[in-house]
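Protein chains in written order, with numbering that gives the first Met the number 0: chain A, 0 to 491; chain B, 0 to 222; chain C, 0 to 333. A virtual CB, placed ideally from N, CA and C, is assigned to each residue, including glycine.
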Amino acid sequence: MIFLPISAALAPLLGTVAGLLTARARLAGLLTIAGGAICLVLSATTAAVVMAGQPIESVGSLVYVDGLGAFFALTIAVVILLSSLGSLSYLAVEQRSGALSPRRVRVYFAVFGFFATGMMASVETANLGLLFILVEAATLASVVLVPIEGRTSGLEAGWRYVVVSSMGITMALAGTLFVFYAATGLPGDPQDHLAWAFLVRHASSLSPVSLRLGFLLAVVGYGTKVGLVPMHTWLPDAHSEAPSPASAMLSGALLNVGMYAIIRFIAIANGRLGPAYASHVLLVFGFLSVLVGALFMVRRRDFKRLFAYSSVEHMGIIAIGLGFGGLLGVYGALLHALNHSVGKTLLFLTGGSVVLAYGTRRSDRIGGVLTSLPVTGATLLLGSLAILGSPPFGLFISEFTIVRAGLAAADPTLVGVFLLLLVVIFLGFFRTTSGMALGPAEPRVHSPYLGALERWTAHAPVVLGLAALLLLGLWVPGWLNALLLRSVELVR
Amino acid sequence: MEHLSVASPAGIVLSLDAVLILLLALACLGSKLFDRYLTYYGLQSVLLAVAAGTAAFVEKDPALWALAGLTLVLKGIAIPEAARRLLVRRLDLKRDVATIVGPSTSLILGAILAGFAYLVIGPQHLAHGLISASIIPISTAVILIGALAMVVRRHMVAQLLGWLIMENGVFLGGITLTASFPFIVEAGIFFDVVAGFLIMLAMTTGLAESLIPLSDRRRREPT
Amino acid sequence: MSTNGFYREALISPQVESRVPYLLQCLQSLAVVLFAPLYAGVIIKASALVQSKRGPSIFQPYWDLRKWLAKSSVYSDQTSPIFKAAPYVAMACYLVVSTIVPVITNQPLPLAFLGDLLGGALVLALASFAMSLAALDTASPLGGLGASRTTWIGSLAEPALILVFFTVGVLSASDNPYLMNHAIAASPAAMVLPTHLLGAVAFFMLLLAETGHIPIDNPAGTIEISMIEEPRVLEYSGREYAIVKWGGWMKLFLLSAIFMNVFVLPGGLGNATSLVGGLIGTAAVLGKLALCGAAIVVIDSSFAKLRFFRISEYLGGAFLLALIGIITSYVVAK
Numbered sequence: 000m001i002f003l004p005i006s007a008a009l010a011p012l013l014g015t016v017a018g019l020l021t022a023r024a025r026l027a028g029l030l031t032i033a034g035g036a037i038c039l040v041l042s043a044t045t046a047a048v049v050m051a052g053q054p055i056e057s058v059g060s061l062v063y064v065d066g067l068g069a070f071f072a073l074t075i076a077v078v079i080l081l082s083s084l085g086s087l088s089y090l091a092v093e094q095r096s097g098a099l100s101p102r103r104v105r106v107y108f109a110v111f112g113f114f115a116t117g118m119m120a121s122v123e124t125a126n127l128g129l130l131f132i133l134v135e136a137a138t139l140a141s142v143v144l145v146p147i148e149g150r151t152s153g154l155e156a157g158w159r160y161v162v163v164s165s166m167g168i169t170m171a172l173a174g175t176l177f178v179f180y181a182a183t184g185l186p187g188d189p190q191d192h193l194a195w196a197f198l199v200r201h202a203s204s205l206s207p208v209s210l211r212l213g214f215l216l217a218v219v220g221y222g223t224k225v226g227l228v229p230m231h232t233w234l235p236d237a238h239s240e241a242p243s244p245a246s247a248m249l250s251g252a253l254l255n256v257g258m259y260a261i262i263r264f265i266a267i268a269n270g271r272l273g274p275a276y277a278s279h280v281l282l283v284f285g286f287l288s289v290l291v292g293a294l295f296m297v298r299r300r301d302f303k304r305l306f307a308y309s310s311v312e313h314m315g316i317i318a319i320g321l322g323f324g325g326l327l328g329v330y331g332a333l334l335h336a337l338n339h340s341v342g343k344t345l346l347f348l349t350g351g352s353v354v355l356a357y358g359t360r361r362s363d364r365i366g367g368v369l370t371s372l373p374v375t376g377a378t379l380l381l382g383s384l385a386i387l388g389s390p391p392f393g394l395f396i397s398e399f400t401i402v403r404a405g406l407a408a409a410d411p412t413l414v415g416v417f418l419l420l421l422v423v424i425f426l427g428f429f430r431t432t433s434g435m436a437l438g439p440a441e442p443r444v445h446s447p448y449l450g451a452l453e454r455w456t457a458h459a460p461v462v463l464g465l466a467a468l469l470l471l472g473l474w475v476p477g478w479l480n481a482l483l484l485r486s487v488e489l490v491r
Numbered sequence: 000m001e002h003l004s005v006a007s008p009a010g011i012v013l014s015l016d017a018v019l020i021l022l023l024a025l026a027c028l029g030s031k032l033f034d035r036y037l038t039y040y041g042l043q044s045v046l047l048a049v050a051a052g053t054a055a056f057v058e059k060d061p062a063l064w065a066l067a068g069l070t071l072v073l074k075g076i077a078i079p080e081a082a083r084r085l086l087v088r089r090l091d092l093k094r095d096v097a098t099i100v101g102p103s104t105s106l107i108l109g110a111i112l113a114g115f116a117y118l119v120i121g122p123q124h125l126a127h128g129l130i131s132a133s134i135i136p137i138s139t140a141v142i143l144i145g146a147l148a149m150v151v152r153r154h155m156v157a158q159l160l161g162w163l164i165m166e167n168g169v170f171l172g173g174i175t176l177t178a179s180f181p182f183i184v185e186a187g188i189f190f191d192v193v194a195g196f197l198i199m200l201a202m203t204t205g206l207a208e209s210l211i212p213l214s215d216r217r218r219r220e221p222t
Numbered sequence: 000m001s002t003n004g005f006y007r008e009a010l011i012s013p014q015v016e017s018r019v020p021y022l023l024q025c026l027q028s029l030a031v032v033l034f035a036p037l038y039a040g041v042i043i044k045a046s047a048l049v050q051s052k053r054g055p056s057i058f059q060p061y062w063d064l065r066k067w068l069a070k071s072s073v074y075s076d077q078t079s080p081i082f083k084a085a086p087y088v089a090m091a092c093y094l095v096v097s098t099i100v101p102v103i104t105n106q107p108l109p110l111a112f113l114g115d116l117l118g119g120a121l122v123l124a125l126a127s128f129a130m131s132l133a134a135l136d137t138a139s140p141l142g143g144l145g146a147s148r149t150t151w152i153g154s155l156a157e158p159a160l161i162l163v164f165f166t167v168g169v170l171s172a173s174d175n176p177y178l179m180n181h182a183i184a185a186s187p188a189a190m191v192l193p194t195h196l197l198g199a200v201a202f203f204m205l206l207l208a209e210t211g212h213i214p215i216d217n218p219a220g221t222i223e224i225s226m227i228e229e230p231r232v233l234e235y236s237g238r239e240y241a242i243v244k245w246g247g248w249m250k251l252f253l254l255s256a257i258f259m260n261v262f263v264l265p266g267g268l269g270n271a272t273s274l275v276g277g278l279i280g281t282a283a284v285l286g287k288l289a290l291c292g293a294a295i296v297v298i299d300s301s302f303a304k305l306r307f308f309r310i311s312e313y314l315g316g317a318f319l320l321a322l323i324g325i326i327t328s329y330v331v332a333k
């Protein structure tokens, strides 16, 4: 059974092989898409297997896929597939226009595969030490993607990314160390002291002081990866400078990986310190993130930075959901993670088309997307509505669930503040994107994609993504519901 | 290893070693010359290798001896030499003038952070008389001081060194405390550090003409 | 043991000759007074030898003292009686300190109740204060310069000095130098503890700062615009100058004695009951001071004087070492 998650994680390496072999974006892109599709199928199978029976595990939890892991793996696989589709079209255009040299195209696909594999592998382990290593490896791979378009600002964004990220990840390592230290004296092989299942089972015998400090450091550390305020400073730069499909992967998947790590730590902490401690920590970070996201979104001229701050805000919402806790809170948070991944991916891919067509990221110079590029404009408008939590899209359901959790578990004033911030965010975000989408058409703008392949791979992921969000907004499929409930049980 | 007494010979060596590592971290914080940063970092890594060697001696674990040797060679010699040749000599770096606060102020902040580390995870919370009681607070203090160095410095090479010091702090905690920390994890961490260093090296070389990021030098368009 | 009991026991022990402690007390102060110029002379000579020069005789300070004492004093008409009195006040302070620190014995002598280490630091500061007042009294710009600089360095060094006393005090739970001496002599292993080592290094750095040696000030130079100690005594001549210089040498002697007897080599001192022990103790302390002097000479010849504004970093470094020493002491203290 172990080969299933392992091969799901290794599938995207097909794209890496492609990148090493050929410098033609279309060919490499096709292989990457194939890898992504295989990955999705395998992770869906893994989820089915895990739901049917026991978690898949190996010695010391080095490979460990339970409901939670399967859920995140599925989410990430979806993002990988969508981004692979987008990568083909985006890179084909950039290669044709000469913006990316053949060598850079190869580097992109090679690293893209490593990045995807790293992320998949991270959520398929529950060994805290290995988790750290894999998250760091995935981050290092993604760092290469940020400056790949060759701008100085990209290089600086990449540097800031690597510096802040490394600082955060080292804190996470220190947190892991402290949790390990909290487990000294427990029976069993010390190798198991990093295994999540073991730690949760023996949670009541962990040393509280070390655990408290370890949890806090882990949240701060992995929170840097997630983009929680005040560790988010790298996020707007990195996510806006990277090429759009890579931004989609960063926002849609890597942030979720960090969240996965935090959720594992929450489960351990709740076992010993009670839900109050973790809840307070997460609520503080969550509200800070939503607040900062809201404030910084108000007058953003670079629309990719706008999307990046939206990611910060949504991660804050997830943290708030986890903070509110209980069945509703965790369910809402997990569902929101899925919805946000799909939504943000489609937004960034749409943004990629816009950038290619208009040649700029500044929203005040972009207008009339709806008329010039119909499909792109439509998805931009609808995608914005979706990401802002309007019904009938999925994010409305997840945010509503979190609000219900808040009313049940916490002070209604908190919920009121939360809703107020959501309104502010709606106003700021939608003003920009509607300004871009509506208005008279620019005469010299036309679709950048040549040929059916590029057009299909550019438009398919966004349309599919929107459809999925619409579906999730109206109805949560039974199997998804069961998977979510199983995951929630593991965390509480 | 956590149960090693602080009064035993190995314990004394380790606590002395740890204090010297802390002092070197502070020395790095208070210095303004790039060459000095690298020297202090190299010395700190050598001391770290000594600590790993002591742990290996106590635990009689060959894997730990290998790790001690790796630390000595890679972090004590190779990384400082590589940084010296590829960064300091090639880019002709002398003084670090791009700091947010001066060396004296950063030293004071560093001392405050060290005190804070002792306050939060101080020996009074931990098992008394064991080696962990003296090493954990120092390891935390070194991590915090490394983080401070990264925050206070704006020059890329200096930030890189701050990160390396942070990793040294974590490593100190990891080896000496939890010598049973699964070896695969420690090796993985080790290679992550090296990989991170190489990537940072590549980026710094790429940005050779302006190693103080634009955003910190002048205001860009308000974003 | 309580400090009071300690003193009482030393003083009013019926089995012991009641005169010996007083003799030892006089011997101690006499030793300080007599041997301080020798110490300074040996340091100067050794410094010169290390620099491949011949250097003056080790007894040169004595000849200098004789010369100065024979000369008459010239007073500026701007000065007040403070100027004339200050050297004697300083000398008196140094004599007081010589009675309260362990120089030749490791048990407190009759006058040791006058103060502990903190009291000693206060009295030394009083001496410096008197000299600064005198320097200001001359209305000479150089005097003001010297006074302000010395006071500035003193104010930065004091907190560090107090923390250093605490690092040793952590071990002995008191800041009585005799108790500290006992505590360290009793458990030699304590000397390799980080706390003690850091305290010792910090104290040595402060010793160099307080007595005006490299890297703070150049004791050999006389006319330098960045001098710190020398401008204060520039206006003195004749007998007062002799007293001032002698006091300075005594300060160096005393601080070095504290360093060696409390921090580094607490053994070899006599107790308060035997005269022979006291004489042996004198020889022992001279031997230890030779070591301390050697360290000072090595530093003198190896380092350059610090830029003036970096002195605060130097003293901050000493403070930091002492602070870390105290912090790490929590591991050891029960």
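query: Test: C/Ser171 CB closer than 8 Å to a CB of chain B; result: no
query: Residues of its chain near A/Glu56, where Cβ-Cβ distance is below 6 Å and the 5 sequence neighbours each way are ignored; result: Tyr63
query: Chain A contacts made by the stretch 138 to 161 of chain B, where a contact means CB separation under 9 Å; result: Ser138, Thr139, Ile142, Gly145, Ala146, Met149, Val150, Met155, Gln158, Leu159 and Gly161
query: Simplified DSSP assignment, three categories, for C/Thr98; result: helix
query: Cα-Cα separation, A/Met248 to A/Ser86; result: 10 Å
query: Under 7 Å by beta carbon: chain B residues contacting C/Leu319; result: Leu25, Leu106 and Ala110
query: N-terminal and C-terminal residue of the alpha helix (DSSP H) that A/Glu453 is part of; result: Gly450 to Leu473
query: Chain-ordered neighbours of C/Glu312 on chain B, where CB pairs are closer than 9 Å; result: Gly29, Pro102, Ser103 and Leu106
query: Close Cβ partners of C/Ala111 (< 6 Å) along its chain, the five nearest in sequence each way excluded; result: Ile99
query: Outcome for A/Asn126 when other beta-carbon atoms lying within 10 angstroms are tallied against a minimum of 16; result: buried
query: Residue-chain proximity (B/Gly168, chain C), Cβ-Cβ < 8 Å; result: no
query: Contact check, C/Tyr93 vs C/Gly246, beta carbons under 8 Å; result: yes
query: Beta carbon proximity, B/Arg11 to chain C, threshold 8 Å; result: Arg is not the amino acid found at residue 11 of chain B; the sequence shown has Ile there. Chain C contact via Cβ: present.
query: Contact the stretch 108 to 126 of chain C vs the stretch 157 to 167 of chain C: 3+ CB pairs below 8 Å; result: yes
query: Residues sharing a beta bridge with A/Val64, DSSP; result: A/Ile55
query: Beta-carbon contacts of A/Arg271 that lie in its chain and below 7 Å, excluding the five residues immediately before and after; result: Ala202, Ser203, Leu205, Pro207 and Leu210
query: Cβ neighbour criterion (16 or more within 10 Å) applied to A/Phe428; result: buried
query: C-beta neighbour in chain B for C/Gly198, strict 8 Å; result: no
query: Where A/Asp410 sits in the DSSP three-state scheme; result: coil
query: Alpha-carbon to alpha-carbon, C/Leu108 and C/Ala317; result: 31 Å
query: Of the residues A/Gly14, A/Leu379, A/Leu287 and A/Gly187, the one placed nearest A/Ser352, counting alpha carbons only; result: A/Leu379
query: Backbone CA spacing between A/Leu144 and B/Arg88 [nearest angstrom]; result: 28 Å
query: Same chain only: Cβ atoms within 6 Å of C/Gln27, ignoring 5 sequence neighbours per side; result: Val102 and Ile103
query: Integer Cβ distance of A/Val256 from A/Val122, believed to fall under 8 Å; result: 6 Å
query: Chain-ordered neighbours of A/Glu135 on chain B, where CB pairs are closer than 7 Å; result: Asp191
query: Opening and closing residue of the alpha helix (DSSP H) in which A/Leu210 lies; result: Pro207 to Val225
query: Beta carbon proximity, A/Val564 to chain B, threshold 8 Å; result: This structure cannot speak to residue 564 of chain A, because chain A is shown only from 0 to 491.
query: Contacts of A/Val423 in chain B (Cβ-Cβ under 9 Å); result: Neighbours of A/Val423 on chain B: none; closest Cβ ~18 Å, over 9 Å.
query: Cut-off 7 Å between Cβ atoms - residues of its own chain near C/Leu144, not counting five sequence neighbours on either side; result: Pro230
query: Contact with chain A by B/Val119, beta-carbon distance below 8 Å; result: yes
query: C-alpha distance - B/Ala17 paired with B/Val141, whole-angstrom precision; result: 10 Å
query: Inter-residue CB distance, C/Tyr38 and C/Leu314 (contact presumed, cutoff 8 Å); result: With a Cβ gap of about 24 Å, C/Tyr38 and C/Leu314 do not count as contacting.
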